[in-house]
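To start, the structure itself, in structure tokens.
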Amino acid sequence: MSLEPFLAVFVITQFRRHLKNDGLLTKWNKYLNIGYYIAIAIFVFGVSFDHGERLTMILSHLFFLGVVISPYYIEDLKSGKQLAFALIPYAIAGLIKDLLEKWFPNFYDNHDNLIQSLVMFSLIWAFSLWLISRKQTKALENERKQRFAEQEQNRMMAAMKVNLESEVRERTAELTRQTEELQQTLSELKSTQAQLIQSEKMASLGELTAGIAHEIQNPLNFVNNFSEVSIELLEELKDEVLDKLPDDVKEDAGDIINDITQNLSKINQHGKRADAIVKGMLQHSRATTGKKEPTDINALADEYLRLSYHGLRAKDKSFNAGMKTSFDPDLGKIEAIPQDLGRVLLNLFNNSFYSVTEKKRALGEGYDPTVTVNTQKVKSPSGVNMVQITVEDNGTGIPQKVLDKIYQPFFTTKPTGQGTGLGLSMSYDIITKGHGGELKVETAEGEFARFVICIPVGNVAQS
1 MSLEPFLAVF VITQFRRHLK NDGLLTKWNK YLNIGYYIAI AIFVFGVSFD
51 HGERLTMILS HLFFLGVVIS PYYIEDLKSG KQLAFALIPY AIAGLIKDLL
101 EKWFPNFYDN HDNLIQSLVM FSLIWAFSLW LISRKQTKAL ENERKQRFAE
151 QEQNRMMAAM KVNLESEVRE RTAELTRQTE ELQQTLSELK STQAQLIQSE
201 KMASLGELTA GIAHEIQNPL NFVNNFSEVS IELLEELKDE VLDKLPDDVK
251 EDAGDIINDI TQNLSKINQH GKRADAIVKG MLQHSRATTG KKEPTDINAL
301 ADEYLRLSYH GLRAKDKSFN AGMKTSFDPD LGKIEAIPQD LGRVLLNLFN
351 NSFYSVTEKK RALGEGYDPT VTVNTQKVKS PSGVNMVQIT VEDNGTGIPQ
401 KVLDKIYQPF FTTKPTGQGT GLGLSMSYDI ITKGHGGELK VETAEGEFAR
451 FVICIPVGNV AQS
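Heads up: the sequence shown is residues 1 to 463, going by the UniProt record's numbering.
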């Protein structure tokens with residue numbers, strides 16, 4: 001049995017060490033293991049099958065030669081070229097020796113001493129160069145270690161310098177920070193006081209709204225139920241009585257019945273709409289449970305968009321603005337807190353309508369105020385499925401100088417008495433903290449403002 005499989009394992013082991021030093025072992029580890037397996041397979045085949053001795057010999061030499069010359073063709077193995085240079089003569093000499101011995105025995109017997117000397121010389125050559133390479137490698141490693149030690153020492157000195165400078169800066173800024181902390185504490189106390197007052201007002205308003213909505217609910221139910229019953233009675237009247245009337249009054253009676261039926265249908269339609277509005281008022285006034293539930297984002301956005309529009313119309317009859325919607329029909333329901341999310345949407349819609357109204361007052365005719373709302377499924381940069389709600393208007397936009405402050409509590413660009421400055425702050429907390437999403441703004445002053453809500457889908461609820 002030839003030594004080539006064992007030498008191949010030795011060479012592969014040396015390549016592994018070079019690749020480890022170069023930081024490339026992970027990339028080539030799988031291929032090195034395959035090389036080990038091939039060498040073992042050749043050895044096992046040669047031991048197990050005596051009649052395959054020639055085939056084993058050829059495979060051993062070709063595999064060993066391939067392993068040895070690989071540094072000349074693979075850039076990552078270039079550090080093993082010196083070892084390859086040392087072993088290539090032995091690989092060629094060993095191949096020639098075995099070929100002559102197996103296929104040309106007479107020639108081999110006549111030149112046995114010369115061939116053996118050639119093989120022995122190539123082996124000595126390989127061993128000598130390997131020793132020299134090993135010494136050079138050790139010298140390079142020692143030099144690398146020395147350089148690393150010097151670099152580490154320099155790094156430690158630099159780190160100590162940075163730490164000292166940082167400590168000096170921290171001590172210098174300590175008094176400034178303490179002053180800022182006192183001012184911030186005072187500001188937070190004032191903000192908390194104002195927030196408590198606002199919370200009490202909102203709680204009182206919620207109770208009042210809930211009471212009114214409950215009182216309206218009963219007459220609405222009466223209107224809806226009796227309109228439906230009346231429609232059914234008219235249909236029965238039409239089927240049973242109309243045909244029995246004289247021809248001269250039959251047509252007029254039919255028209256009257258149809259008109260009454262249509263009127264009752266309109267009463268029922270608008271009664272159900274009023275019922276939906278009352279239910280929305282009850283839901284909006286109800287304190288949030290903080291629990292997520294299956295929520296139809298499209299329906300929620302559409303409901304609060306119209307609630308905002310009609311609410312502003314009720315306050316100002318001159319108010320008017322266009323609304324464009326583009327809802328993804330495949331959005332389905334997602335787990336969310338509908339009351340909180342509704343508050344966010346209502347605040348954004350109110351802000352957009354306010355912005356386009358102000359621009360309309362400034363520009364007059366020729367300007368078309370428009371608020372656009374759309375929903376769609378998107379993926380975050382990390383691959384998370386999200387629902388995106390975009391609220392855009394072509395109003396006054398947001399000045400760049402205040403863009404970084406819009407999420408701060410009590411900050412507002414509206415005139416005194418027209419804004420609390422809590423809307424966007426509350427919206428930001430609801431989206432980021434309550435739903436684990438993000439609220440982004442894109443704007444150009446005097447042109448547009450676009451708020452983008454992204455909420456992780458999580459477990460999608462079945463429709």
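Note that CB positions come from ideal geometry on N, CA and C, so glycine has one too. A quick note: this is a predicted structure, and the numbers were derived from the prediction, not measured.
For residue i versus residue j, is the C-beta spacing smaller than 8 Å?
i	j	result
V119	K135	no
L300	L345	yes
T390	V441	no
A8	A41	no
V68	L87	yes
M323	V371	yes
Q400	E447	no
I398	L424	no
residue 464	Y304	Nothing about residue 464 can be reported from this structure: the residues present for the chain run from 1 to 463 only.
I455	I337	no
G395	K359	yes
L331	T375	yes
L234	T261	yes
K250	D328	no
T443	L403	yes
R450	E365	no
K244	I257	no
L32	F15	yes
A321	P246	no
residue 473	S318	For residue 473 there is no data in the structure shown, the boundaries of the chain being 1 and 463.
On the DSSP letters alone, give me the boundaries of the beta strand (DSSP E) that residue i sits inside.
i	result
E447	Looking at the DSSP string, E447 is not in any beta strand (DSSP E), and its letter there is neither H nor E.
K360	Per DSSP, K360 belongs to no beta strand (DSSP E); it is in the alpha helix (DSSP H), 338–363.
S326	322–326
N385	385–393
K377	370–379
D296	293–296
Going by alpha carbons, who is nearest to residue i out of the options?
i	options	result
L439	N350, R16, V387, N320	V387
K292	Q269, H435, K359, K102	H435
S380	E335, V457, N33, G446	V457
S326	F43, N298, Q400, N221	N298
I216	V356, A274, L331, Y309	A274
V223	N268, Q262, G254	N268
F85	F127, E152, G46, T357	F127
L62	D112, H111, L3, E75	L3
P89	I12, R361, I115, D259	I115
G66	R17, P5, V44	P5
E228	K272, T172, P246	K272
S70	R361, A253, G35	G35
V11	G46, E75, A91	A91
A93	Y73, S117, L32	S117
F64	L95, Y73, V47, S48	L95
Using only the heavy atoms of the ligand MG, determine whether one of them is closer than 7 Å to the beta carbon of residue i.
i	result
L186	Absence of the ligand MG from the depicted structure is noted, as is the absence of any ligand whatsoever, leaving it without description.
* To do: Would you check if the segment 422–435 and the segment 339–351 touch, i.e. whether three or more CB-CB distances between them fall below 8 Å?
  => Yes, the segment 339–351 is in contact with the segment 422–435.
* To do: Give a yes or no on contact between the segment 21–29 and the segment 74–90, applying the rule of three or more CB pairs nearer than 8 Å.
  => yes
* With a floor of 4 residues, list each alpha helix (DSSP H) that falls wholly inside the segment 20–83, ordered by position along the chain. => 25–48, 53–69
* For the segment 98–113 and the segment 137–156, state whether three or more C-beta atom pairs, one from each stretch, are separated by less than 8 Å. => no
* Asked: Do the segment 121–128 and the segment 153–170 meet, that is, are 3 or more Cβ pairs less than 8 Å apart?
  -> no
* Validate contact between the segment 25–33 and the segment 53–66 using beta carbons, cut 8 Å, 3 pairs -> No contact exists between the segment 25–33 and the segment 53–66.
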